[in-house]
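Following: one structure in structure tokens, then a few remarks.
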Amino acid sequence: MSDRQFSNKISFTKIGLLCLSVGFMTPGILYAAETKPVRSQPMQVEAKNTAIDPAPAVSTPIAPTTESQLSADVPNLYSQFKANDLPTAELNAQVTSVSQLSDVRPTDWAFTALQSLVERYGCIAGYPDRTYRGQRAMSRYEFAAGLNACLDKINEIISAGLADKVSKEDLAAVQKLQEEFAAELATLRGRVDALEAKTAKLEAQQFSTTTKLSGEVIMAVAGASGANPIGGRNPNVVFNSRVRLNLTTSFSGKDLLITGLQAYNIGGGANSLQGSLGYADPIGLSSSNVRLGFEPQFIGINPQTLAPVASNSVNLYKLLYIFPVADKVTLFAGTNAEVSDAFPAISPFASEGQGSISRFGQGYNAAYRVSGGTSGTGLAAAVGFIWNPSDQVDFRALYGSINASLASNVPLNNGLSNTGTATPVGAGFFGGSTIAAAQLTLKPSPNLDIGLNYANSYHQINILGTGLSSSDIGSVLFNPTAAEIGSGSALGTIAAQPIKMNSIGATATWRITPKVAFNVSGSWLFADLANISASTTFTSWMTGFHFKDVFNEGNSAGIIFGQPLYRNSVGGRATRPETATPYHLEGYFNFKVSKNISITPGIFFVFNPEGFSSNPTATVGVVRTTFTF
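Count the sequence shown with our numbering and you get residues 2 to 630, in order.
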């Protein structure tokens, strides 16, 4: 029936008011009618990236521009959780005054009609954000949903013995509408009954009312060439995997406990691609310019004691609790955490399962990665806070300790003879190797994200903790004297020196169009030995283009070029043996097979690997398949 036919049969004023109000209130009513809210509702999180992006009170908190996976880290997880677990009161609360609707003003032509319906029948509900969105078009089913809500309200009034509050004209108008929309009302009630039955069944069979299980499986075939002519060889093609399971739990509907388990079969040291090529660090921690993106930083070894870790052993890689304490402040604490769990990734390549195939190409600047901040094994125990003063500004800071669980400190000796029993990175929450880090994220426009990083750290051994270069180990090189070597070795003496670091970095992503983004990042690491007058400055930079929906929706691709971490200058007794600047060139294409499966072929080249012109160009090819659930 058309609006003109309605106006001919029924009082225009009454029907106009009712139709208008139903049009406005329908979204909120549908939201409440078709959703059976549970305060501790399991999250409906698709496999996206996860750095804590909380700020529950902020409607649009700054979020990373990455499209990475749920199990890769934690940055977006909290904001996705908040978006999918609205409090029950927000879904069901009826509007008691038109003034509660932020986008309805007294000057609006429908204001009087809305005010009348609120005061007389109270059957108006807006969106959860208290907006009305009166210009929104609606379907007949939506109209029927709103009509059904008004019928329920009128029945409540009559049942309460207040029938005199409902005018005969209104009853006649509602009766006419009820007849007109009888089919839609019947269908709607059937849908609600079906949803309630399905919800009851899901609740009875679900894993937990407060916990959601999600996971990521990465399988990759990789090969490399361009071995170091001194002691290296081209490796065999390898087939590696990494499996992660995440349990995300909320106790109040506002907080989040994240528990992550991990297992991988990736070889470390001499058994890694970089180790076989001859470009890994000299003590077997696998740091190199030539690294795959989904490898843990310390493959096959526990950096806390240098004890071996068996292939495919299941380990706890994430244990972190996130909770709001004020309107714009959120705290977090955990025994197994990383910088990437707290600081948003500004780079669009920052996904171990969907983004860049190399560690360097993921776009985390070196100041972000320093001190094992992206170890892939939850190396640090950390506490910190997140402050969102506005939608354009986000500030986060943390304090972390690598060996917080150990009470006794057994330093690494300069003969490296106590590996497996030593605690090379110290012991205690406030002793040994520690870091204080912060990130300021700015969003000056909808198309531009900027991240500024600073970190101050102390390491009990001579290590940067980025995993980006063989110079990561024995970072500040010097020529030890015979007295300094004693009964040990020169390598052991260099490695056992404690180091202090100040690191700064910056990353920016400009979304030129909705499907094309330009990214640039850079970092400076200033390292000084604590007991010897020797210092080294490391630099790194990267730039690239990221493309979304390439050939088809969900696909992505990247082209990346930059300078891996490199000793730029030295001071005091420090030396710099490198003879050339290394460069990195990469291209990849992420093909979305389905919502839960993607395949990423890619290739990257490292020119002058590890900073030596005598080293041939290293070439690494990868075909990575990622499953998420």
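All C-beta atoms in this analysis are idealised placements derived from N, C-alpha and C, irrespective of residue type, glycine included.
Buried or exposed for residue i, please, with buried defined as at least 16 other CB atoms from any protein chain shown within 10 angstroms of its CB.
i    : result
G545 : buried
N237 : exposed
L257 : buried
E611 : buried
N553 : exposed
V621 : buried
L399 : buried
T1   : In the structure as shown, the chain starts at 2 and stops at 630, and residue 1 therefore has no counterpart that could be examined.
P240 : The identity of residue 240 in the sequence shown is Phe, whereas the question assumes Pro. Exposed.
T576 : exposed
F252 : exposed
Q275 : buried
S614 : exposed
A138 : exposed
D328 : exposed
E157 : exposed
Q498 : buried
Q564 : buried
Taking only the alpha-carbon atoms, compute the straight-line gap between residue i and residue j and give it to the nearest angstrom.
i    : j    : result
T250 : E181 : 47 Å
V594 : D550 : 13 Å
R631 : D529 : Residue 631 lies beyond the range of the chain shown here (2 to 630); nothing can be said about it.
L566 : G475 : 14 Å
G362 : A351 : 8 Å
I500 : S402 : 15 Å
S458 : V426 : 12 Å
S287 : T618 : 19 Å
G377 : L115 : 55 Å
Q101 : S117 : 14 Å
A634 : V193 : Summary: the structure shown does not reach residue 634, with the chain confined to residues 2 through 630, and so no result is reported for it.
V624 : V105 : 54 Å
Q136 : S391 : 28 Å
F430 : G385 : 14 Å
G572 : V477 : 10 Å
I604 : E217 : 22 Å
R190 : A174 : 21 Å
L271 : A496 : Residue 271 is actually Ala in this sequence, not Leu. So the two alpha carbons sit approximately 19 Å from each other.
P583 : Y133 : 57 Å
S314 : A338 : 19 Å
E353 : N556 : 15 Å
L18  : D109 : Any answer about L18 is weak, because its pLDDT of 37 lies below 50 and its placement is not dependable; what the coordinates show is given next. Approximately 13 Å between the Cα atoms of the pair.
N290 : W542 : 13 Å
Find the nearest neighbour of residue i within the set the options, judged by alpha-carbon distance.
i    : options                : result
A368 : L492, W525, V477       : W525
V119 : S140, A558, I155       : I155
M502 : N520, F519, Q461       : Q461
G254 : E143, F324, T514, R574 : F324
I533 : I464, P445, R574, F431 : R574
V411 : S434, T618, V239       : S434
F344 : I158, S215, Y455       : Y455
L349 : N591, T626, F628, L407 : Note that residue 349 is Pro in the sequence shown here, rather than Leu. Selected option, being the one with the closest Cα: N591.
L152 : A509, D171, T336       : D171
F527 : G466, F240, T537       : T537
G466 : P304, L586, L320       : P304
A381 : V571, Y318, L248, A138 : Y318
N415 : P447, V326, S488       : S488
A438 : G227, N404, T375, G421 : T375
A145 : T132, T113, A183       : A183
T629 : F606, I598, N616, F608 : I598
I347 : V521, A195, P602       : V521
Y265 : R292, S471, I219       : I219
F539 : P107, I505, A198       : I505
Under the DSSP definition of a beta bridge, which residues are partnered with residue i?
i    : result
L526 : S504, F539
V244 : V218, A264
G559 : H547, Y589
D395 : T442
P309 : I302
K213 : T249
G224 : G622
W388 : V330, F396
G294 : Answer is none; G294 lacks a bridge partner.
W658 : Nothing can be reported for residue 658: it is not among the residues displayed for the chain, which extend from 2 to 630.
Q275 : Answer is none; Q275 lacks a bridge partner.
Under 8 Å by Cβ, that's how I've got residue i and residue j pegged, so tell me the actual separation to the nearest angstrom.
i    : j    : result
G294 : G268 : Not really, about 16 Å apart at Cβ, beyond 8 Å.
G298 : G468 : It should be pointed out that residue 298 corresponds to Gln in this sequence rather than to Gly. 4 Å between Cβ atoms; contact.
L449 : V394 : Wrong, their Cβ atoms sit about 13 Å apart, outside the cutoff.
R131 : S98  : With 8 Å as the limit, R131 and S98 do not qualify as a contact, their Cβ atoms being about 11 Å apart.
K516 : F562 : With a Cβ gap of about 20 Å, K516 and F562 do not count as contacting.
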